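In my numbering, the protein residues as written are 4 to 93.
Inspection log for the structure reproduced underneath, given as structure tokens.
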């Protein structure tokens, strides 16, 4: 069940409301950010990451929003790793 306060924190941080419910539904079910599967998703995830990261207190590493941001950063790094490696090394 999605916590209303968590939803409100995402909206307050500037994440578009149309994206909040799908993000939080996935987070609620799987405990993290969804895998990034396209360049469009990557751009969207990067924008959400920057928005939420700028909203967090510097010492916040344990709130639900912080946990999501950390996992989203991992997903962005995974995408970068898969798409910036020269094709001869793949």
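Backbone N, C-alpha and C define an ideal beta-carbon position, used for all residues, glycine too.
In this text the structure is predicted, and so the values were computed from the model without any measurement.
Cβ shell of residue i (< 6 angstroms), same chain only, five flanking positions each side left out
i          : result
residue 3  : The structure shown has nothing for residue 3, since the chain only spans 4 to 93.
residue 61 : none
Residues near residue i by beta carbon distance below 8 angstroms, same chain, minus five either side
i          : result
residue 71 : 26, 30, 35, 36 and 55
residue 17 : 54 and 58
residue 79 : 39, 45, 48, 49 and 52
residue 20 : 14
residue 69 : 59 and 63
Spatially closest choice to residue i from the options, by CA coordinates
i          : options       : result
residue 49 : 76, 66 and 59 : 76
residue 6  : 45, 32 and 42 : 32
residue 85 : 42, 11 and 21 : 42
Sub-9 angstroms separation of residue i and residue j beta-carbons
i         : j          : result
residue 9 : residue 67 : yes
Own chain partners of residue i with C-beta closer than 7 angstroms, once the 5 adjacent residues on each side are dropped
i          : result
residue 82 : 39 and 45
residue 74 : 35 and 36
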